[in-house]
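Protein chains: 2
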Amino acid sequence: MFPKKFRVIKPEIRVLGVDDGVFTPHVKGFAPLIGVVFRGGYWLDGVMSTKVEVDGFDSTAKIGAMVVNSPHYKQLRVMMLDGVTFAGFNVVDIKKLNAETGLPVIAVTREKPNFKDIREALRNLPQSEKRWRAVLNAGKILEVSTRSKTEKVYMEMSGILEEDAQKIVKLTSTRSSVPEPLRVAHLIASGISF
Amino acid sequence: MFPKKFRVIKPEIRVLGVDDGVFTPHVKGFAPLIGVVFRGGYWLDGVMSTKVEVDGFDSTAKIGAMVVNSPHYKQLRVMMLDGVTFAGFNVVDIKKLNAETGLPVIAVTREKPNFKDIREALRNLPQSEKRWRAVLNAGKILEVSTRSKTEKVYMEMSGILEEDAQKIVKLTSTRSSVPEPLRVAHLIASGISF
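Heads up: the sequence lines are chains A and B, in that order. Each residue of the first sequence is one higher than the one before, counting from 9 in the working numbering. Each residue of the second sequence is one higher than the one before, counting from 9 in the working numbering.
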């Protein structure tokens with residue numbers, strides 16, 4: 009898919025933020041996954057959820073299905089992920105997620121991903137090459153200053169121009185150095201356990 | 009306990025909002041319960057959770073324990089509940105909840121509670137007198153205009169003066185006619201299912 013060029017980015021653009029919750033690492037099971045619909049960097053408009061297998065391969069499909077089946081789908085303009093790995097090393101292929109949902113995808117992390125470490129960690133898992141290809145498919149890593157020059161995050165993206173992704177990351181970082189949809193998805197995902 | 013008199017109510021006062029999620033009515037089981045820590049009517053600061061028995065008697069104790077064991081407890085100034093019944097007719101005794109947590113409690117509803125209907129519904133449940141006493145323990149119902157004269161909610165309270173409770177309900181109703189801590193607790197509680 010060609011990257012979407014935004015004609016205009018409204019301050020109250022509907023952004024989905026996705027993060028995972030608590031799970032037991034390396035143990036067969038599931039991690040909860042939360043999607044929050046946020047209006048720009050301002051307020052929460054909705055919440056959705058799914059679950060993904062620890063160290064599994066279903067995160068791209070599960071996130072895609074959660075989004076497409078949500079009543080918010082038609083209003084969403086862009087999706088932000090807390091990195092490209094959930095529930096351990098269940099790697100999201102952001103190109104595929106973009107193609108399947110038609111929504112631009114921006115993966116954001118506080119720390120710069122270290123590909124050497126990721127490659128090493130993957131060696132201990134089944135089908136490490138498949139996981140590695142999904143990691144590489146996220147493309148190049150860009151540094152973005154959010155609220156101030158010293159507050160930085162790192163992003164990878166698919167289906168969106170670099171300058172538009174940068175604008176959206178900056179625009180939505182109103183309360184901390186990370187975008188609100190991700191800060192809030194993290195608070196919810198880590199606060200629930202039933 | 010004497011009602012707390014607020015010396016000053018900061019615009020960014022830490023308020024806990026509590027609501028329940030999806031459950032199967034009249035069937036033995038549990039409903040998820042979400043608590044959100046909100047800064048005034050502005051932003052989310054934390055999320056906590058517990059579960060309560062459908063038509064059970066544990067909501068006062070479960071909410072109390074969730075709050076007191078939370079890392080946010082010391083910073084919280086007031087608690088708001090979406091009415092006094094959760095998971096069907098698991099009635100919160102707001103006087104007891106106030107006494108056990110030391111936090112003022114405000115129960116807010118969009119519709120004016122109809123005591124005649126509640127009394128009738130309770131007759132079909134075991135220990136209906138005990139539930140009814142908890143309902144009555146919530147005290148008198150007050151009408152409050154929130155964002156505008158025509159946007160009204162109804163509140164019952166414990167451990168707080170009427171004028172302070174009114175101020176807090178108005179102050180936190182920034183995005184809709186109900187206080188943000190309750191709007192957001194509702195969005196989260198109804199958006200999760202694993």
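We put the beta carbon where it would ideally sit given N, CA and C, even for glycine. Owing to the predicted nature of the structure, the values given are computational and were not obtained by experimental measurement.
Boundaries of the beta strand (DSSP E) harbouring Val45(A): Phe38 to Arg47, taken from the DSSP string.
Counting along the chain, the unbroken alpha helix (DSSP H) around Ser136(B) starts and ends at Ser136 to Asn145.
Between the alpha carbons of Tyr50(A) and Ile196(B) lies a distance of about 16 Å. In the assembly as shown, Asp172(B) is a buried residue. Its beta-carbon has 16 or more other beta-carbons within 10 Å. Proximity of Pro33(A) to chain B, defined by a Cβ-Cβ separation below 8 Å, is not satisfied. With 16 or more other CB atoms across the displayed protein chains lying within 10 angstroms of its CB, Ser166(B) is buried. Chain-order list of chain B residues neighbouring Val192(A): Leu52, by C-beta distance under 7 Å.
Residues of the same chain with a CB within less than 7 Å of the CB of His194(A), apart from the 5 flanking positions on each side, are Asp27 and Asp90 in chain order. Looking at the backbone, the Cα of Lys18(A) and that of Val86(A) are separated by about 12 Å. Under the three-state reduction of DSSP output, Val30(B) falls in the coil class, being neither helix nor strand.
Look at the segment 144-181 of chain B and you find these whole runs of beta strand (DSSP E), each 3 residues long or longer: 150-153 and 160-166. The beta-carbon distance between Val99(A) and Ala142(A), rounded to whole angstroms, is 4 Å. This is short enough to meet the 8 Å contact definition. For Val30(A), no chain B residue has a Cβ inside 9 Å of its Cβ, as the nearest lies near 11 Å away. Under the 8 Å criterion on CB atoms, Val26(B) is classed as non-interfacial with respect to chain A. Val75(B) sits away from Gly48(B), with the two beta carbons spaced by 8 Å or more. Distance from the Cα of Ser201(A) is smallest, within the candidate group Lys13(A), Gly54(A) and Lys59(A), for Lys59(A). For Leu195(A), the C-beta contacts it makes with chain B under 7 Å involve Leu52, Gly54 and Val55, in order along the chain. In this structure, Val116(A) places its C-beta atom within 8 Å of the C-beta atom of Val177(A). Among the residues of chain A, those whose CB is under 7 Å from the CB of Phe202(B) are Pro40, Ser57 and Lys59, following chain order. At a beta-carbon threshold of 7 Å, the residues of chain B lying near Arg183(A) are Trp51, ordered along the chain.
With fewer than 16 other CB atoms across the displayed protein chains lying within 10 angstroms of its CB, Pro33(A) is exposed. The continuous stretches of beta strand (DSSP E) do not include Gly199(A), which lies in the alpha helix (DSSP H) extending over residues Glu188 to Gly199. Interface flag for Gly199(A) against chain B is set, since a Cβ pair is found closer than 8 Å. Per DSSP, the continuous alpha helix (DSSP H) segment holding Leu130(A) begins and ends at Phe123 to Leu130. Met88(B) is not a Cβ neighbour of Pro11(B), given a cutoff of 8 Å. Burial check for Asp125(A): the Cβ neighbour count within 10 Å stays below 16, so the residue is exposed. Spatial neighbours of Lys104(A) in its own chain (CB-CB distance under 7 Å, excluding positions within 5 residues in sequence) are listed in chain order as Thr68.
Here DSSP, grouped into helix, strand and coil, assigns Lys82(A) to helix.
Closest option to Gly147(B), judged by alpha-carbon separation, among Leu179(B), Asp66(B) and Phe123(B): Phe123(B). Distance from Pro189(B) to Phe46(B) at the Cβ level is roughly 4 Å; contact confirmed, criterion being Cβ atoms closer than 8 Å. The closest CA to that of Arg127(B), considering only Val35(B), Glu119(B) and Arg139(B), is found on Arg139(B). Nearest to Arg131(A) by alpha-carbon distance, out of Val55(A), Val35(A), Ala107(A) and Asp63(A), is Asp63(A). With contacts defined as CB atoms closer than 8 Å, Val23(B) and Gly199(A) fail to qualify as a contacting pair. Relative to the Cα of Val35(A), the nearest Cα in the group Glu137(A), Thr154(A), Leu52(A) and Leu133(A) belongs to Leu133(A). Residue state for Gly54(A) is assigned as strand, using DSSP reduced to three classes.
Between the beta-carbon of Lys70(B) and that of Leu41(B) there is about 7 Å, and that keeps the pair under the 8 Å contact cut.
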